[in-house]
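A short write-up of the structure that comes next.
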Amino acid sequence: MARKESAKSNVPKIKTKRFAQIRQVYTAARGVDPMIGWWMALASLGTLVVMVGIGVLVDYWVYFLILGLPTATLAASTVLSVRAKRAAYKSIEGQPGAAGAALSSLRKGWFFEQQPVAAEAGRSGDMSSAAMVFRATGRPGVILVVEGPEARATKLGESERKKVSRVAGPNVPVTVIRVGEGGGEDEVSVRKIAGKLQRMKPVLTKEEVAAVNKRLKALGGLRPPLPAGVDPNRVRMDRKAMRGR
Numbered sequence: 370m371a372r373k374e375s376a377k378s379n380v381p382k383i384k385t386k387r388f389a390q391i392r393q394v395y396t397a398a399r400g401v402d403p404m405i406g407w408w409m410a411l412a413s414l415g416t417l418v419v420m421v422g423i424g425v426l427v428d429y430w431v432y433f434l435i436l437g438l439p440t441a442t443l444a445a446s447t448v449l450s451v452r453a454k455r456a457a458y459k460s461i462e463g464q465p466g467a468a469g470a471a472l473s474s475l476r477k478g479w480f481f482e483q484q485p486v487a488a489e490a491g492r493s494g495d496m497s498s499a500a501m502v503f504r505a506t507g508r509p510g511v512i513l514v515v516e517g518p519e520a521r522a523t524k525l526g527e528s529e530r531k532k533v534s535r536v537a538g539p540n541v542p543v544t545v546i547r548v549g550e551g552g553g554e555d556e557v558s559v560r561k562i563a564g565k566l567q568r569m570k571p572v573l574t575k576e577e578v579a580a581v582n583k584r585l586k587a588l589g590g591l592r593p594p595l596p597a598g599v600d601p602n603r604v605r606m607d608r609k610a611m612r613g614r
């Protein structure tokens, strides 16, 4: 009896926490996408109108009205999830460390570093001129995601690729991907990085991935100093927004 009462008493707490998370996601997304509330309302109302319309046609409008309420809520939740995810990416686009933050949305089976494994400052030491390399290891092999000015980012990525190849072994693919929002042929938008990695063809087994990641840890952390004012740890992807709940 005590266990049942305890379980029942936990239900309101769980619901309260869930609503608090939804409110947090909505508030964060609205800061980037002020129209999100209107889109949610439109999706909800539109779904309800369609359901009631179908009910009127088949002469079961009351039944379809009742069915339409949870369906309308689901539609609003879907809009929140999609637009919150878009807003989360938009909030980090163009910021130093955005590539590392985007890697946090990778699914299970990946090892990744949110801190750069290599970095090179420009002459001015300005944040916008920093070239960085972030590393992710999964079944497709080792992926080096580079960001920053094209020439220096490409050079730094190639240098890190050679270093990783020596440690990872000859049978482990090492791929370099450059992040950019300029629309270049060899650029990948930060919002598409995780999807691109997850669609890559698997080559390694799970055991091999773990072994490769362990070997890469021997490379240590960032050696070159970051430029003044650059702190990739401050760039954070809202993971709740990515999930939409």
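Residue 614, in our numbering, is where the sequence shown stops; the numbers in between run on with no holes.
For every residue, glycine included, the Cβ atom is placed at its ideal position computed from N, Cα and C.
All figures in this text were calculated on a predicted structure; none of them were measured in a lab.
Considering only DSSP beta bridges, list what residue i is partnered with.
| i | result |
| --- | --- |
| methionine 501 | Ala488, Glu516 |
| phenylalanine 481 | Ala505 |
| isoleucine 546 | Val514 |
| valine 557 | Val548 |
For residue i, does the three-state DSSP call read helix, strand or coil?
| i | result |
| --- | --- |
| valine 572 | coil |
| valine 541 | coil |
| arginine 508 | coil |
| arginine 584 | helix |
| proline 593 | No answer about proline 593 holds up, because its pLDDT of 45 lies below 50 and its placement is not dependable. |
| glutamate 529 | helix |
| glutamate 577 | helix |
| methionine 611 | Because methionine 611 sits at a pLDDT of 48, beneath the cut-off of 50, its placement in the model cannot be relied upon, and the following sentence gives the value as read from the coordinates. If DSSP states are grouped into helix, strand and coil, methionine 611 belongs with the helices. |
| alanine 389 | helix |
I believe residue i touches residue j by the beta-carbon criterion, under 8 Å. Please report the beta-carbon distance rounded to the nearest angstrom.
| i | j | result |
| --- | --- | --- |
| alanine 398 | alanine 441 | The pair is not a contact, with the Cβ atoms about 19 Å apart (cut-off 8 Å). |
| valine 486 | valine 511 | 10 Å between Cβ atoms; not a contact. |
| arginine 560 | glycine 526 | No, arginine 560 and glycine 526 are not in contact; Cβ-Cβ is about 20 Å, not under 8 Å. |
| leucine 472 | valine 536 | At roughly 20 Å, the Cβ-Cβ gap does not stay under 8 Å, so leucine 472 and valine 536 are not in contact. |
| leucine 585 | valine 533 | 7 Å |
| phenylalanine 481 | arginine 452 | The Cβ separation is near 25 Å, so there is no contact. |
| glycine 549 | glutamate 556 | 3 Å |
| glutamine 567 | arginine 476 | 6 Å |
| proline 539 | alanine 499 | Rounded, the Cβ-Cβ distance is 32 Å, inconsistent with contact. |
| glutamate 516 | alanine 468 | 5 Å |
| valine 545 | arginine 530 | 5 Å |
| glycine 395 | leucine 449 | Sequence check: residue 395 is tyrosine here, not glycine. Contact holds; Cβ gap of about 6 Å. |
| valine 419 | lysine 459 | In fact, because the Cβ distance is near 30 Å, the residues do not count as touching under 8 Å. |
What residues in its chain sit with their C-beta under 7 Å from that of residue i, if we drop five residues either side in the sequence?
| i | result |
| --- | --- |
| methionine 569 | Pro509 |
| proline 311 | Residue 311 lies beyond the residue range present for the chain, which begins at 370 and ends at 614; the question has no answer from this structure. |
| threonine 385 | none |
| alanine 522 | Ala500, Val515, Glu516, Arg547 |
| phenylalanine 433 | Met420, Val421, Ile423, Gly424 |
Leaving out the 5 sequence neighbours to the left and right, which residues in its chain are closer than 8 Å to residue i when beta-carbon positions are compared?
| i | result |
| --- | --- |
| serine 528 | Ala487 |
| valine 578 | Gly478, Phe480, Thr506, Gly507, Arg508 |
| valine 410 | It is worth fixing the name first, because residue 410 is alanine in this sequence and not valine. Result list for alanine 410: Ala445, in chain order. |
| tryptophan 430 | Val421, Gly424 |
| asparagine 582 | Phe480, Thr506 |
Sorted by chain position, which residues of the same chain lie with C-beta nearer than 6 Å to residue i's C-beta, five sequence neighbours on each side aside?
| i | result |
| --- | --- |
| alanine 444 | Ala412, Ser413, Thr416 |
| valine 425 | none |
| isoleucine 405 | Ala398, Arg399, Arg452 |
| arginine 387 | none |
Shorter than 7 Å from the beta carbon of residue i to some beta carbon of chain C?
| i | result |
| --- | --- |
| glycine 406 | The question asks about chain C, but that chain is absent: this structure has only one protein chain. |
Every unbroken alpha helix (DSSP H) inside the stretch 396 to 475 [4 residues or more]: Fully enclosed alpha helix (DSSP H) runs of 4 or longer: 405 to 426, 430 to 461, 467 to 471.
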